[in-house]
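Read top to bottom, the protein sequences are chains X and B.
Be aware that the first sequence starts at 770, since it is given in our numbering, and climbs by one per residue.
Be aware that the second sequence starts at 45, since it is given in our numbering, and climbs by one per residue.
The beta carbon of each residue, even a glycine, is placed where N, CA and C say it ideally should be.
Have a look at the structure below before the remarks.
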Amino acid sequence: MNTVRYVHQVRVPNGFPTADDFAFADGPLPSVRPGTVLVENIYLSVDPYMRQMMDGGWDLHAPLEGRAVGRVLESGDPAFHVGQFVFHREGWRTHALVDTADPRLRVVEAFDGVPLSTHLSILGGTGLSAYVGLVKIAGLRAGESVFISAAAGGVGTAAGQLAKVLGAGRVIGSAGTAAKVRHLVDDLGFDAAFNYKDGPVADQLRAAAPDGIDVYLDNVGGDHLEAAIDSLVEHGRIAWCGAIAQYHDAQPPPAPRNLFEINGKRLRMEGFAVREHDHLIP
Amino acid sequence: MTMKTLHLKARPAGLPTAEHFGVTEAEIPPPVAGTALVENIYLSVDPYMRELMDAGWEVGGPCDSGRAVGRVVASSEPSWPEGALVSHGGGWSTHAVLTAGQAGARVLREHEGVPVSAYLSVLGGTGLTAYVGLTEILRLQPDESIFISAAAGAVGGTAGQIARLLGAGQVIGSTGSAAKVKHVVGDLGFDHAVNYHDGPLADQLHAIAPEGVHTSLDGVGGDHLAAAIAVTREFGRIAWVGAISQYNDAANPPAAPRNLYRVADYSITLTGYQVRHHLHLRDQAEALLVPNVQSGRLRIAETIVEGFDHVVDAFIGVLRGDNTGKMLVRL
């Protein structure tokens, strides 16, 4: 127990990443210095945006960035004590020495009946993304219909349920397998869901939302975005959070051909961040 | 006395020509109770009319939507008094007949020192489009920078000047010739302008504004929207007012910008709008614009073509970018 195991990225992938793009590296357990805490990680978050980090955002052969929740093993700062659960960004490793000046380090509460992992899901960045996207960016109002792409993913599952809590009308999701589609409708309360591999997204969305949609929460871009623009009613809003479809391709796909409908239907498309941007700004 | 009206003969594929239009000449209808006869003075020719040729104007029917300004020459309708200067949407005709409460028509308040043509340009839909884009859609704040495409065009040239009146920081425009670049900077007071024929637009803009701009106003679409997306900084806003680049081939729109994902990555807002949904802001806009027109601080940029027989030439010209500022036909 006095070593740390890290995941390093060892090469930049071309297209879909493989295990060979990564390697384990072991190192000694660091000792706590004043102004640091040693954390034993319990949950690590793995997120689609990391695919984009692999294209140059992460240094090769070095510890990686990522959200994590763990327990303080040793503390060199009176503000943190041993046994506390903390959230931080030194992911992809079994133990982390975290600088307590890092503003992203914070103590997380262990709520009764709420699993610790939720600090990385519904109570973490994904839940917050869903909330920000629906409430702050899209301004979802009661009775409005919502389409959510990548609906079986972290943000999507949170958003679909949250939309219902917020009083949305029809909530429609897309996912990539029949099992996920069933999960959305049977377990998560989506009104309708479809498998985007079953046919053109635009046709399936039109069938699922014959009266159109008011809000689109986009995680995907590409043909989903085009379909949403097609189905959005006047003054519809697009909250665009990342673009999974593009992470694997150096060349982004052609953007929607119907983009000018943004003018015709007076749509508002607003991007928002599920992560800090400082890694991405050139 | 007769009146002339243009009608649509055929729907074009691509750039329209004179062959797509015909002129009808008819007796002016005798006065009917509750109507007023307007003799048009200026007709507006605008890029969006290319869209009307595909859907909006009927083949064989008159080109009967389009802004015009004229004077009431005979009236039995008190809301349209004889002698009044009126703006209406009756289209490409020498005369128009107005009825009480006619949609899209209004008596103009004539301001001293403001030429009649201004009611179709800086004080008409053009100026209002620019004003709405900057205030209502972009909510431009003092010291914020802006990129404006089609900067020598009617909306673009007015928008750059209004941005200045609103206290904008750097105002950058793009246009299609060296002469227009000179006009945009020299006459309209933009800080910088680039000729998009001189090299990739985004590269030219990055050279001028290495840190990007806070806001963009695009009326072109295609590569110009892509450049706006490329140069708008994090949390920036883009107002999309039109897409002249694709009006001639609406069935085959250009591949939309490949950098569209930047909207998501940089938390940019892209909003489409049309001025007709913001007409309630007209008084507010006039309060800003009229004194600045009167003082000469706001330049009225217009290209005026003489004579009803040249309406179609003027229209094709505006689609080709022959104009600087608002393209009008004086009858």
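Where does residue i land, buried or exposed, given buried means 16+ other C-beta within 10 angstroms?
| i | result |
| --- | --- |
| Thr772 (chain X) | exposed |
| Gly127 (chain B) | exposed |
| Pro803 (chain X) | exposed |
| Val779 (chain X) | exposed |
| Ala1014 (chain X) | Confidence is the limiting factor: at Ala1014 (chain X) the pLDDT is only 43, short of 50, which leaves the residue's position unreliable, though a coordinate-based value still follows. Under this definition Ala1014 (chain X) is a buried residue. |
| Pro960 (chain X) | Residue identity differs from the one stated: residue 960 (chain X) is Asp in this sequence, not Pro. Buried: at least 16 other Cβ atoms inside 10 Å. |
| Ala788 (chain X) | exposed |
| Ser339 (chain B) | exposed |
| Thr805 (chain X) | buried |
| Ser311 (chain B) | buried |
| Val984 (chain X) | buried |
| Met97 (chain B) | buried |
| Glu350 (chain B) | exposed |
| Lys966 (chain X) | exposed |
| Glu346 (chain B) | buried |
| Asn810 (chain X) | buried |
| Pro797 (chain X) | exposed |
| Arg341 (chain B) | exposed |
| Leu953 (chain X) | buried |
| Thr68 (chain B) | exposed |
| Gly784 (chain X) | exposed |
| Val815 (chain X) | exposed |
Using the DSSP secondary-structure output, state which residues sit across from residue i in a beta bridge.
| i | result |
| --- | --- |
| Gly981 (chain X) | None, per the DSSP bridge assignment. |
| His777 (chain X) | X:Ala792, X:Pro832 |
| Tyr86 (chain B) | B:Val113, B:Arg374 |
| Val176 (chain B) | Partner(s): none; Val176 (chain B) has no beta bridge. |
| Gly1040 (chain X) | X:Trp1009 |
| Ile811 (chain X) | Beta-bridge pairing links Ile811 (chain X) to no other residue. |
| Lys966 (chain X) | Answer is none; Lys966 (chain X) lacks a bridge partner. |
| His864 (chain X) | X:Glu809 |
| Leu304 (chain B) | DSSP output for Leu304 (chain B) lists no bridge partner at all. |
| Pro47 (chain B) | Rather than Pro, the amino acid found at residue 47 (chain B) in this sequence is Met. B:Ala70. |
| Ser218 (chain B) | B:Val238 |
Pick out whichever of the options has its Cα sitting closest to the Cα of residue i.
| i | options | result |
| --- | --- | --- |
| Leu807 (chain X) | X:Asn783, X:Phe793, X:Val838, X:Ala831 | X:Val838 |
| Met823 (chain X) | X:Arg858, X:Ser800, X:Ser814, X:Val781 | X:Val781 |
| Ala196 (chain B) | B:Gly204, B:Met45, B:Ile190 | B:Gly204 |
| Ala62 (chain B) | B:Asp353, B:Asn84, B:Tyr240, B:Asp247 | B:Asp353 |
| Phe1029 (chain X) | X:Ala1008, X:Asp960, X:Glu1003 | X:Glu1003 |
| Asn336 (chain B) | B:Ile348, B:Gly316, B:Val158 | B:Val158 |
| Val82 (chain B) | B:Gly316, B:Val117, B:Gly263, B:Leu325 | B:Val117 |
| Ala70 (chain B) | B:Ala140, B:Gly58, B:Trp124 | B:Ala140 |
| Pro106 (chain B) | B:Val285, B:His64, B:Leu50 | B:Leu50 |
| Arg975 (chain X) | X:Val915, X:Val950, X:Leu829, X:His850 | X:Val915 |
| His993 (chain X) | X:Ala911, X:Gln973, X:Val815, X:Leu957 | X:Gln973 |
| Gly114 (chain B) | B:Leu325, B:Ile72, B:Leu129 | B:Leu129 |
| Ile348 (chain B) | B:Leu332, B:Leu363, B:Thr368, B:Arg341 | B:Thr368 |
| Ile72 (chain B) | B:Arg277, B:Ala54, B:Lys48, B:Gly280 | B:Lys48 |
| Asp267 (chain B) | B:Val225, B:Gly148, B:Leu245 | B:Leu245 |
| Ala831 (chain X) | X:Asp956, X:His777, X:Leu889 | X:His777 |
| Gly134 (chain B) | B:Gly66, B:Val225, B:Ala112 | B:Ala112 |
| Arg873 (chain X) | X:Asp795, X:Val989, X:Gly835 | X:Gly835 |
| Asp108 (chain B) | B:Ser119, B:Glu121, B:Ser137 | B:Ser137 |
| Val275 (chain B) | B:Leu269, B:Leu333, B:Gly201, B:Gly256 | B:Gly256 |
| Ala870 (chain X) | X:Ala919, X:Ala848, X:Ala997, X:Gly922 | X:Ala848 |
| Ile917 (chain X) | X:Asn964, X:Leu986, X:Pro786, X:Trp1009 | X:Leu986 |
| Gly220 (chain B) | B:Gly243, B:Ser88, B:Leu59 | B:Gly243 |
Interface residues of chain B around residue i at Cβ under 9 Å?
| i | result |
| --- | --- |
| Gly1033 (chain X) | Gly316, Gln318 |
Residues of chain X with a CB under 9 Å from the CB of residue i: which are they?
| i | result |
| --- | --- |
| Tyr92 (chain B) | None at all; the shortest Cβ gap to chain X is about 10 Å. |
| His322 (chain B) | Here the premise fails: no neighbours, minimum Cβ distance about 10 Å. |
Please list the partners that residue i has in chain B, where partner means a Cβ-to-Cβ separation under 7 Å.
| i | result |
| --- | --- |
| Met822 (chain X) | Those do not exist, as Met822 (chain X) stays about 12 Å from chain B at its closest Cβ, beyond 7 Å. |
| Leu1036 (chain X) | Gly316 |
At a CB-CB cut-off below 7 Å, which residues of chain X make contact with residue i?
| i | result |
| --- | --- |
| Gly265 (chain B) | Phe1029 |
| Ser189 (chain B) | Under the 7 Å cutoff, chain X gives no residues; its nearest Cβ is about 17 Å from Ser189 (chain B). |
| Ser311 (chain B) | Gly1040, Phe1041, Ala1042 |
| Trp284 (chain B) | Ile1031, Asn1032 |
At 8 Å on the CB atoms, spell out the chain X contacts of residue i, in chain order.
| i | result |
| --- | --- |
| Ala412 (chain B) | With chain B covering 45 to 375 only, the question about residue 412 (chain B) has no answer from this structure. |
| Ala287 (chain B) | Phe1029, Asn1032 |
Report the CB separation of residue i from residue j in whole angstroms; it is logged as a contact under 8 Å.
| i | j | result |
| --- | --- | --- |
| Tyr812 (chain X) | Leu885 (chain X) | 7 Å |
| Met93 (chain B) | Phe359 (chain B) | 6 Å |
| Gly902 (chain X) | Gln930 (chain X) | With 8 Å as the limit, Gly902 (chain X) and Gln930 (chain X) do not qualify as a contact, their Cβ atoms being about 13 Å apart. |
| Ala962 (chain X) | Val950 (chain X) | 5 Å |
| Leu52 (chain B) | Glu95 (chain B) | No, Leu52 (chain B) and Glu95 (chain B) are not in contact; Cβ-Cβ is about 13 Å, not under 8 Å. |
| Tyr86 (chain B) | Gly990 (chain X) | With a Cβ gap of about 45 Å, Tyr86 (chain B) and Gly990 (chain X) do not count as contacting. |
For the ligand SAM, is there any heavy atom lying closer than 6 Å to the beta carbon of residue i?
| i | result |
| --- | --- |
| Ala308 (chain B) | The ligand SAM is absent from the structure shown, which contains no ligand whatsoever. |
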